[in-house]
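In the numbering used here, the protein residues as written are 31 to 457.
Ideal Cβ placement from N, Cα and C applies to all residues, glycine included.
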């Protein structure tokens with residue numbers, strides 16, 4: 031490792047360790063081995079680029095990790111066994127999927143169409159681009175669309191709203207969103223086929239509300255991004271392949287299927303040549319960029335295991351008076367989680383906290399997964415401190431205050447709608 035380190039920067043080495051996390055996890059899964067090797071690679075990746083992480087990521091990760099360790103230690107002192115295995119490896123399926131999906135950024139559409147649709151057509155072309163393409167290639171589509179729209183003029187408030195909502199609503203239903211991986215990890219047994227319909231309903235409401243707001247303004251002046259049919263081929267094919275394989279191999283975790291198919295799809299539809307050089311450059315220059323999420327997910331696993339230890343110590347203290355996840359409790363928990371996201375708390379932090387508390391109340395894990403997905407899709411779309419919000423503020427000079435002012439009604443409406451969908455479909 032020392033000889034290798036002398037030829038690679040910490041960031042480059044972290045990129046290879048991130049890649050090793052994905053590869054080793056699939057290997058040990060195939061061989062039936064304990065996942066200690068990928069766990070070691072993931073923790074080493076964080077260690078190598080800790081100083082390069084954003085201040086916010088370091089702070090949240092350190093707090094989560096520290097509190098988790100303290101709670102685990104307290105549990106040991108009070109007779110609860112130290113669940114080191116779960117603390118260190120809990121989120122490995124999620125991390126593997128996250129790395130795999132990140133490679134889809136290499137399939138970004140090559141936009142040669144110089145036209146710029148306006149008015150109603152421009153609105154729908156832009157919001158569908160962010161939503162449908164973002165459902166597969168994730169956050170990078172925001173930069174593809176945003177950079178194109180800012181060639182001549184800065185982004186307008188309306189464009190920022192469309193970009194944020196259109197992209198983030200993919201979290202409601204897309205299996206390629208990291209939100210989906212979190213939901214499946216912290217609601218074990220949940221099925222994507224059962225969360226797809228409520229997710230589509232939420233996405234449909236997003237379209238309707240955003241169009242209604244846009245139509246009340248100067249919609250004819252809206253400058254949009256051209257959506258081409260062939261740009262939908264990649265996300266469409268990936269979705270079909272993943273769902274087909276999942277129906278054929280129902281016992282295989284869908285996160286595992288995505289972890290295998292996404293990189294293969296990225297390799298097949300890779301932009302740029304030679305392929306080897308493009309892939310190596312991606313690993314060494316960009317893959318370390320996921321370390322912030324790595325640190326949060328790993329720390330959240332320790333924190334959630336610590337919370338479970340505290341619940342085991344004091345079961346009566348952490349028990350709800352309710353015997354199941356009632357509609358009122360759903361609304362209350364989701365409101366707290368959304369407000370936490372509004373002030374910059376990453377959704378995975380909120381999920382890791384409430385999951386051990388809600389698990390005993392839920393008989394249908396799909397309901398719990400929908401709670402997490404609805405919170406994620408709403409909170410990230412309205413907060414200037416979410417990953418998307420920070421991108422808007424830092425890259426496109428959006429105003430944090432304007433983002434909040436423009437979206438509070440939308441946040442309230444989607445929160446109420448999620449509770450209604452929950453009551454209607456899950457009881």
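Can you give the Cα-Cα distance for residue 339 and residue 105, rounded to whole angstroms?
Annotation: residue 339 to residue 105 spans about 5 Å, alpha carbon to alpha carbon.
Beta-carbon proximity of residue 293 to residue 165, cut-off 8 Å:
Against a cut-off of 8 Å, the Cβ pair of residue 165 and residue 293 comes out as no contact.
Between which residues of its own chain and residue 187 is the CB-CB distance below 7 Å, once the five residues before and five after are set aside?
Cβ within range, chain order: 432 and 436.
Continuous alpha helix (DSSP H) stretch holding residue 280: start and end
Unbroken run through residue 280: none, as it is neither H nor E.
Per DSSP, what are the beta-bridge partners of residue 148 in this structure?
Residue pairing of residue 148 in beta bridges, as defined by DSSP: 253.
Proximal residues to residue 87 (C-beta, below 6 Å), its chain only, five neighbours per side dropped:
The beta carbon of residue 87 sits closer than 6 Å to those of 322 and 325, all from its chain and outside the five residues before and after it, given in chain order.
Per-residue DSSP class, three states only, for residue 465:
Lying before the first or after the last residue shown, residue 465 is absent from the chain, which here runs from 31 to 457.
If you run the structure through DSSP and keep just helix, strand and coil, what is residue 40?
Residue 40: helix per DSSP, three-state reduction.
What would DSSP say about residue 180, mapped onto helix, strand or coil?
Three-state DSSP puts residue 180 in coil, outside helix and strand.
Residue 458: buried (16+ other C-beta within 10 angstroms of its C-beta) or exposed?
Nothing can be reported for residue 458, as the shown portion of the chain is limited to 31 through 457.
Beta carbon of residue 192 nearer than 8 Å to that of residue 128
With respect to residue 128, residue 192 sits apart: the two C-beta atoms are not nearer than 8 Å.
Of all the options 297, 337 and 259, which has the alpha carbon lying nearest to the alpha carbon of residue 347?
If we check each option's Cα against that of residue 347, 337 comes out closest.
With three or more beta-carbon pairs closer than 8 Å as the criterion, would you say the segment 281-288 touches the segment 201-219?
In the pairwise beta carbon analysis, the segment 281-288 is classified as touching the segment 201-219: at least three pairs are separated by under 8 Å.
Between which two residues does the alpha helix (DSSP H) containing residue 336 stretch?
That run of the alpha helix (DSSP H) goes 321-343.
Boundaries (first-last residue) of the alpha helix (DSSP H) holding residue 163
DSSP places residue 163 in no alpha helix (DSSP H); its state is neither H nor E.
Continuous alpha helix (DSSP H) stretch holding residue 222: start and end:
Where residue 222 is concerned, the enclosing alpha helix (DSSP H) stretches over 222-245.
With a CB to CB cut of under 7 Å and the five nearest residues on each side skipped, what residues in its chain are close to residue 259?
Apart from the 5 residues on each side of it in sequence, residue 259 has no Cβ closer than 7 Å to any other Cβ in its chain.
Three-way DSSP call (helix, strand, coil) for residue 248 in this model:
Reduced to three states, the DSSP call for residue 248 is coil.
With a CB to CB cut of under 7 Å and the five nearest residues on each side skipped, what residues in its chain are close to residue 423?
Result list for residue 423: 414 and 430, in chain order.
Integer-rounded CB distance, given that residue 318 should sit under 8 Å from residue 372:
Cβ atoms of residue 372 and residue 318 stay farther apart than 8 Å, at about 29 Å.
Secondary structure of residue 73, DSSP reduced to three states
It is helical.
What first and last residue would you give for the alpha helix (DSSP H) that runs through residue 187?
Per DSSP, residue 187 belongs to the alpha helix (DSSP H) from 187-198.
Is the distance from the Cβ of residue 353 to the Cβ of residue 391 below 8 Å?
Yes, they are a contact pair.
So for residue 396, helix, strand or coil by DSSP?
When secondary structure is reduced to three states using DSSP, residue 396 falls in the helix class.
Which whole-angstrom value is the C-beta distance of residue 257 and residue 155, which I expect to be below 8 Å?
At roughly 4 Å, the Cβ-Cβ gap stays under 8 Å, so residue 257 and residue 155 are in contact.
Does DSSP classify residue 126 as helix, strand or coil?
Residue 126: helix per DSSP, three-state reduction.
Excluding the five sequence neighbours on either side, which residues of its own chain have a C-beta within less than 6 Å of the C-beta of residue 213, listed in chain order?
The residues are 399, 402 and 403.
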